[in-house]
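Positions 3 to 634 (the numbering used here) are the ones given, in order, by the sequence shown. Beta carbons are placed, not taken as given, at the ideal position from N, Cα and C, and that holds for glycine.
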Amino acid sequence: MGAMKETMGFQTEVKQLLHLMIHSLYSNKEIFLRELVSNASDACDKLRFEAINNAGLFESDSELKIRVSFDKEARTITIEDNGIGLSREDAIEHLGTIAKSGTKEFFGKLSGDQQKDAALIGQFGVGFYSAFIVADKVTVRSRKAGLPAAQGMEWESKGDGEFSVEALEKADRGTQIILHLKADEEELLSGWKLKSILTKYSDHISLPIQMLKEEWDEEAGGMKATGEWENVNKANALWARAKSDITPEQYNEFYKTISFDFADPLAYTHNRVEGGRSEYTSLLYVPAKAPYDLWDRNQQKGIKLYVKRVFIMDDAEQLMPPYMRFVKGVIDSADLPLNVSREILQESRDVKAIREGSVKKVLGLLEDMAANEAEKYASFWAEFGQVLKEGMGDDPANKERIAKLLRFASTQSEGEAQTVSLADYVARMKEGQEKIYYVTADTYAAAKYSPHLEVFKKKGVEVLLLSDRVDEWMLSYLQDFEGKELQSCAKGGLDLGALEDENDKETKKKVEDEFKDVLKKVEDLLKDRIKEARVTLRLTDSPACIVADEMGMSEHLKRMLKQAGQNAPESKPILELNPEHPFIQRLKIETSHFDEWVNVLFDQAVLAEGGQLDDPAGFVRRLNMLLLTVKA
């Protein structure tokens, strides 16, 4: 490789991120040191892991450490580590581009509001680029472990859209990042200031973070470095300490380091499991806000796996099921081999035990929150409720526990945000009510105003309003709760059991006879569109509604499958008519426009259900024609 300097352009997304970050995060600029020290720690962790199978990578220097220094005259801060280091190719790839999936969605969510964007940028993870919050030029000198001294490299950029890379002779492995500070950052050129930032943000780093010892210099009238390095952090893994030795602030700062979040977590659980088949420590957090890529079930980047304090891997998806992908934290096993791979994790019985135990701890944390901190749990549910619902299918072993944590809007709650638990619903069921009733729809408003609710409102029976995309899928795993069957209001013949009085039954029998001929004509006319027509007492205000067969698929689920590009099984709905409604009464005497009336009634029922018409122009034409025939 030649020594020639090569200049390249940043990836477009990097330019965009740099601009946003420098402006949005300036009020929290101290985090640059947290991010760079965290990266240095990761580089040392990676070397330690690689050296398990190749001890030569230590190059006779196995004491891993991070050093932070400053030079007042040169106006620089240097963060140095003796970790894995970067090759020229690594520097171009990792310091010039963002390879994260979800990048497009991330940029799409930016609003221009600096406060909101700051939180989002934090979730995305700013890492190395945070250096440009305080520096107008950044120089990186590095050599990858195992490469010869001549294959070191120097990367440099002013954060203005370009960076340069050239060869560098570097005797020792690892990375040195030199920040050339902006004009107004003098306060950072102080040993006391840098130590206080490191103590605040990086005390939990398990490697020694060192700074030069300082003492008072009478002659100079200030502090002067002695040339001796000293540790400025505790240098032991936070999760390995006793709970009594850790303050809430330290728990929160550790969370921010592993999650890239700027906000404190909502809750956390710290546990040491000993005896039994598996020995491990877990420190697991529930964030306060959902990340931008929450809906990608493949993006499980929450859990860092350590074995005997040695970092093994990020995003160990085998340690947490997909429906708990919002959980962040660390799991440190005393039993797994240091050279464990993802394939071994997949098969390991120890990992299965750790996963089961960790899931139970998170569920316990949520149960405690739901029971004792209702507002906090409501906040959790608003952010992560839809994901937790996936657990009904993902985790059969904990189905009952998850069901108790579910929350739904209902006809008795005020607005979509006010929710009820299934236990609340069951506790206030009317006398004689045997089922938990629900209705599904594309939106909360469509559910709230569904014609299927009319008889329930009349009888004062509560109905759950389900409008999340995951609800239909979840319901295939949630058939009952505490012995009470869940029943869709829009499926099958409405059986209200003991809630139905004798008068209702007599009335229904009477109108079925009265409308027998009308129903036959309706079925003949709509034979290509419906399975059957029948009268119903479920409606009080609407003239008609469509329902699915008892064993059939709901119209809502069919629409969802269609939108997802999947084929829904062929089935026709049932058209139910309200015999009390003037429109339906008119069908008994209508002769000249019977076909138009029936088609319009069916199309109205489809629209009220939230469906789309096959022939909207035909509906408009028929409706206009009927309006013109009505006498003023």
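I'd like to confirm the pairing. Which residues does DSSP put opposite residue i in its beta bridges?
i	result
A650	In the structure as shown, the chain starts at 3 and stops at 634, and residue 650 therefore has no counterpart that could be examined.
F165	M10
C547	E578
S144	M155 and T177
D73	T78
M225	W218
I274	A quick correction: the sequence has Arg, not Ile, at residue 274. For R274, which the question treats as bridged, DSSP gives the partners T283.
R536	E578
A137	L183
Leaving out five residues before and five after residue i in sequence, what residues of the same chain have Cβ atoms less than 6 Å from its Cβ?
i	result
T141	E158 and I180
M3	Confidence is the limiting factor: at M3 the pLDDT is only 41, short of 50, which leaves the residue's position unreliable and the question unanswerable from this model.
A634	In this prediction, A634 scores a pLDDT of 45, lower than 50, which makes its location untrustworthy; no coordinate-derived value is stated.
S62	none
V332	W241, L285 and K306
K507	none
D617	none
D470	Q388
L579	V537, A546 and I586
With distance defined between alpha-carbon atoms, name the residue in the options nearest to residue i.
i	options	result
L488	V465, D470 and K507	V465
K291	D551, F313, L268 and W218	L268
Y379	E358, E345, A419 and G395	A419
V654	T593, S544 and R409	Since the displayed the chain opens at 3 and closes at 634, residue 654 lies outside it and no answer follows.
E32	D162, L191 and E171	L191
Y257	R279, L285 and E187	L285
P150	I68, L59 and M213	L59
S89	E276, K146 and G395	K146
A242	V234, N273, L214 and A265	N273
R69	Y287, E436, I79 and S478	I79
K197	R36, F596, R143 and G612	R36
Q587	A550, L408 and V520	V520
A244	H206, T445 and L183	H206
T9	A429, T413, G161 and I135	G161
L424	A443, R403 and K226	R403
D473	R175, A443, M155 and A42	A443
N235	E75, F134 and S43	S43
K623	Q614, V608, V602 and T177	Position check: residue 623 holds Arg in this sequence, whereas Lys was assumed. Selected option, being the one with the closest Cα: V602.
E187	A607, A76 and G229	A76
Would residue i pass as an interface residue toward chain B - the criterion being a Cβ-Cβ separation below 8 Å?
i	result
E385	Absence of chain B from the displayed structure is noted, only one protein chain being present.
Pick helix, strand or coil for residue i, following the three-state DSSP scheme.
i	result
K215	strand
V465	coil
C491	coil
A607	helix
T80	strand
S64	coil
L20	helix
K184	coil
E525	helix
L629	helix
K172	coil
E232	strand
G613	coil
N55	coil
S192	coil
E392	coil
F386	helix
T259	helix
H96	helix
P618	helix
Give me, in chain order, the residues of the same chain whose beta-carbon lies closer than 8 Å to that of residue i; leave out the 5 immediate sequence neighbours on both sides.
i	result
N238	S208
F604	L528, R531, I532, A546, I548 and L577
G417	A411
V441	A449, S452, H454, L455, V465, L466, L467, L468, S490, C491 and A492
L296	R327, F328, F386 and V389
C46	L66, K67, I68, D83, N84, G85, I86 and L209
V39	I68, V70, I81, L200, Y203, S204, I207 and I211
Q153	M3, S89, R90, R145, K146 and A169
K7	S166, V167 and E168
Kindly examine the ligand SAH and report whether one of its heavy atoms sits closer than 7 Å to the Cβ of residue i.
i	result
F604	This structure simply doesn't include the ligand SAH, nor any ligand for that matter.
Excluding sequence positions up to five away, which residues of its chain have a Cβ less than 7 Å from the Cβ of residue i?
i	result
K48	G85 and I86
E392	P324, Y325 and V472
* **Runs of alpha helix (DSSP H) lying entirely within the segment 295 to 382, each at least 4 residues, in chain order** => Listed in chain order, the complete alpha helix (DSSP H) runs (minimum 4 residues) inside the segment 295 to 382 are 344 to 349 and 351 to 374.
* **Inside the segment 397 to 485 only - beta strand (DSSP E) runs reaching at least 3 residues** => Complete beta strand (DSSP E) runs here, min 3: 409 to 412, 437 to 442 and 466 to 468.
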